[in-house]
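Q: Just so you know, we're using UniProt numbering here: the sequence shown kicks off at 1 and counts up by one.
Every residue gets a Cβ at the ideal spot worked out from N, C-alpha and C, and that includes glycine.
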Amino acid sequence: MSYRVAMDIGGTFTDVVCYDERTGAVTASKAPTTPADLAEGVFAALGRVVDDPADISFFVHGTTQGLNALLERKGARVLLLSGQGGRDVYQIARGNRDRMFDLRYRKPEPLVPRQDVMEIGGRLDYRGRELVPLDEESVRAAARRARAEGFDAVAVCLLFSFADPAHELRAGEILRAELGEDVLVVLSHEVAREWREYERTSSAVLEAYTGPVVRGYLAGIGRRFAERGLGVPVHVMQSSGGLVNASYAMRRPLQTLLSGPVGGTMGGVAASRLLGTGHAICVDMGGTSFDVSLIVNGRPDVTAETRIEGYPVLMPIVNLHTIGAGGGSIAYAEAGALRVGPESAGAVPGPACYGRGGVRPTVTDANVALGRVDPAWFAGGLMTLDHEAAGAAVAELAEELDLDPLRLAEGICDVANAKMAQAIRTLTVEHGVEPREFALVAFGGAGPMHAVFIARELGISEVVVPRFPGAFSAWGMLQAEVRRDLTHPYFRPQDTLDGADMCANLAALEREALDALDGQGVPEERRRVEHAVEMRYEGQDYTLTVPLRDAEEPAEPEFLAEIAARYAEAHTGRYGHATPEAPVEFVMLRSTGFGTFARTAAPAVARPEQAPPGVHDVIFDGAVHRTPVLRRADLSGELTGPAIVVEETATTVIPPGCLATVDENGFLIVKVDM
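(1) What distance in whole Å lies between the Cβ atoms of residue 371 and residue 653, which are believed to be in contact at a cut-off of 8 Å?
(2) How many angstroms separate the CA atom of residue 46 from the CA atom of residue 363?
(3) Determine, for residue 265, whether the minimum Cβ-Cβ distance to residues of chain C falls below 8 Å.
(4) Would you kindly work out how many angstroms separate the C-alpha atoms of residue 661 and residue 669, rounded to a whole number?
(5) Count the CB pairs spanning the segment 588-599 and the segment 504-512 that are closer than 8 Å, and state whether there are at least three.
(6) Who are the near neighbours of residue 167 in its chain, counting only those whose CB is closer than 6 Å to its CB and skipping five residues on each side?
(7) May I ask you to list the residues that DSSP assigns as paired with residue 321?
(8) Hey, could you find the ends of the alpha helix (DSSP H) residue 458 is sitting in?
(9) Among the candidates 42, 203, 435, 174, whose CA atom is the shortest distance from the CA of residue 111?
(10) Run the CB neighbour count on residue 165, radius 10 Å, all protein chains shown included, and call it buried at 16 or more, exposed below.
(11) Which runs of the alpha helix (DSSP H), 4 residues or longer, sit entirely within the segment 97-172?
(12) Can you list, in chain order, the residues of its chain whose CB lies under 6 Å from that of residue 76, leaving out five sequence neighbours each side?
(13) Is the distance from the Cβ of residue 360 to the Cβ of residue 393 below 8 Å?
(14) Helix, strand or coil: which one does DSSP assign to residue 69?
(15) Could you have a look at residue 245 and say whether DSSP puts it in helix, strand or coil?
(16) So, helix, strand or coil for residue 658, using DSSP?
(17) State yes or no: is the C-beta of residue 477 within less than 8 Å of the C-beta of residue 186?
(18) Contact between the segment 445-463 and the segment 234-245: three or more CB pairs below 8 Å?
(19) Could you tell me the alpha carbon to alpha carbon distance between residue 486 and residue 634, rounded to whole angstroms?
(20) Just list the residues that DSSP pairs residue 649 with in beta bridges.
(21) Taking Cβ to Cβ, would you say residue 78 is nearer than 8 Å to residue 244?
(22) Between 398, 475, 396, 365, which lies nearest to residue 384 when the distance is taken from Cα to Cα?
(23) Measuring only the C-alpha atoms, how far is residue 500 from residue 231?
(24) Count the CB pairs spanning the segment 188-197 and the segment 310-328 that are closer than 8 Å, and state whether there are at least three.
(25) Starting from residue 213, follow the alpha helix (DSSP H) in both directions and report where the run begins and ends.
(26) Using beta-carbon positions only, say whether residue 281 and residue 405 come within less than 8 Å of one another.
(27) Classify residue 550: buried if its beta carbon has 16 or more other beta carbons within 10 angstroms, exposed otherwise.
(28) What residue does the beta strand (DSSP E) around residue 713 start on, and which one ends it?
(29) Compare the Cα-Cα distances from residue 294 to each of 467, 223, 85, 267 and report the closest residue.
(30) If you measure between the beta carbons of residue 118 and residue 169, is that distance less than 8 Å?
(31) CB residue 424 to CB residue 234, shorter than 8 Å?
(32) Going by alpha carbons, who is nearest to residue 414 out of 205, 42, 116, 620?
(33) Could you round the C-beta distance between residue 538 and residue 585 to whole angstroms and report it? I think they count as a contact, below 8 Å.
(34) If you draw a straight line from the alpha carbon of residue 673 to that of residue 463, how long is it in whole angstroms?
(35) Can you tell me which of the three DSSP states residue 617 falls into?
(36) Would residue 101 be called buried (16 or more neighbouring beta carbons within 10 Å of its own) or exposed?
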């Protein structure tokens with residue numbers, strides 16, 4: 001066994017990267033995603049890089065099964081059990097308006113209707129002490145209803161279970177005994193052992209809603225891999241940027257919600273390390289969506305809480321912003337104006353140029369019409385695009401809008417670029433981050449095609465295109481570490497803090513994290529644990545996470561002064577101000593276990609490519625430019641735009657006036673002409 005393989009299953013293509021541990025060679029390929037049976041696309045892509053799955057020594061993949069179920073509202077039917085008097089917590093949610101000036105704003109429709117929420121007896125106080133014993137008969141009644149009415153999952157969220165989960169654990173035992181393996185049982189303290197009742201309930205409901213879909217997919221793909229001879233565990237990318245094996249992912253399916261897109265972020269972390277830069281904006285443009293994430297000081301921007309489709313989620317998650325803008329985004333006329341996306345042509349029928357029956361123009365069709373794609377060598381020659389079909393689709397929309405077809409094709413790209421630039425501003429400018437201080441790392445099948453134009457919109461001077469950009473998310477998965485995140489509620493004002501007690505709690509979390517890594521098969525010498533504490537000023541509602549040097553730091557005499565200064569610095573960075581003289585309080589302890597695997601080398605060409613195809617006419621700013629079309633493997637030194645660079649998984653467009661170079665790691669670095 002000598003191949004380390006990673007796979008990213010996207011909405012249009014399934015990308016695969018294979019690292020040969022004997023030779024150090026990295027190969028990449030892709031195959032069309034097969035929505036009816038994802039395994040078909042998986043094995044088609046895998047067969048292009050590995051002859052026999054038995055030769056694979058490590059396998060990881062990202063899946064969007066749970067996210068797709070949520071986006072399409074095709075998740076499980078969930079029965080929610082709350083404590084006595086808490087039936088409406090999930091329905092009431094929060095009263096704040098996320099979009100203050102949107103007159104049509106509506107809160108997200110709850111995933112569990114009110115009639116599917118049941119109360120069960122029992123009560124704990126805020127310290128976790130029992131006030132009223134758990135009413136076990138009411139739990140059994142809920143199990144009978146779940147079985148009789150065909151619920152797929154049961155979520156249990158009881159008041160103050162984060163302080164003591166005893167009632168939830170007993171309820172889980174009863175439900176699992178009554179319902180067996182066919183119904184997923186989710187306990188809120190296992191999903192998020194954190195305060196805030198609504199947010200914890202929402203997180204538990206999301207896991208119950210998406211869990212059966214994810215579990216079914218992982219069980220099926222694992223079984224089919226085993227049938228083909230795969231002898232190692234299947235690993236899955238987590239939303240936090242870490243890896244877990246499939247058996248754990250099946251127990252905690254919510255952790256995989258952003259599994260696919262996060263691989264690109266971890267690739268960005270590895271790229272920033274190789275480039276020697278700490279800050280990068282990662283943009284992943286595929287066939288269906290456009291994902292943005294940040295690398296700050298060489299680490300992914302991970303948050304402990306976020307919203308997905310308007311629903312709060314309490315779990316460590318890479319801060320991603322996603323919009324419906326990809327190569328398959330459909331262009332159309334609305335009220336006499338041009339619109340692009342979010343509807344996508346997907347893999348079937350796909351853009352018109354795919355020749356699979358699509359007739360509506362897409363961003364990919366516009367690029368083909370402009371000459372920015374080599375139709376004869378798309379996806380490394382795996383597909384031949386229909387230039388005439390692309391032109392016809394664009395021309396039909398141009399006639400509707402009374403525009404020249406080529407002018408409309410540029411307009412389609414310009415509208416898509418503006419939408420993607422705004423998505424980057426949402427994650428940067430709106431949070432006080434200046435994008436001009438970052439490099440733009442562009443990947444995805446369509447990312448390098450649009451990266452320079454997006455950079456111009458934002459004033460970014462440097463674009464980095466890694467090798468195999470279309471499969472970069474898969475390559476990033478091979479750079480990730482096994483990760484387990486643990487929390488412990490710890491409410492203490494600074495004047496009552498017992499440093500020794502905090503150290504003892506951190507030590508307990510560290511032992512638990514190390515045991516979890518051991519269960520994931522990580523050798524002892526490759527395990528480590530990092531600690532942090534959530535803090536706030538007294539009287540504040542929301543917190544910031546402040547890293548600790550180690551588990552023993554709280555016992556040091558100067559700890560309070562040092563951690564308060566660190567918190568003030570973090571507060572200034574986030575909000576632009578701090579109040580150093582104000583007292584602080586501690587809310588939560590966080591410990592994260594990491595297990596490191598051997599990392600792959602920077603992607604390099606593992607097989608020869610054909611000779612360059614020559615020179616094409618390409619449209620830039622309404623003018624025709626005779627433009628060389630070059631193979632990525634043949635590049636060296638400096639390259640002045642215009643140029644089109646093609647490779648196995650993507651096409652890079654270098655407009656006139658830009659200068660590109662290839663560095664020692666094989667990255668294509670484009671200096672953007674403003």
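A: Checking against the coordinates, here is how it stands:
(1) The Cβ separation is near 10 Å, so there is no contact.
(2) 28 Å
(3) Here chain C cannot be found, since the structure has a single protein chain.
(4) 5 Å
(5) yes
(6) 122, 134, 158
(7) 292
(8) 447-458
(9) 203
(10) buried
(11) 136-149
(12) 152, 153, 209, 212
(13) yes
(14) helix
(15) strand
(16) coil
(17) no
(18) no
(19) 48 Å
(20) Looking at the DSSP assignment, residue 649 forms no beta bridge with any residue, so it has no partner.
(21) no
(22) 365
(23) 46 Å
(24) yes
(25) 197-227
(26) no
(27) exposed
(28) With the chain covering 1 to 674 only, the question about residue 713 has no answer from this structure.
(29) 267
(30) no
(31) no
(32) 620
(33) 5 Å
(34) 11 Å
(35) strand
(36) exposed
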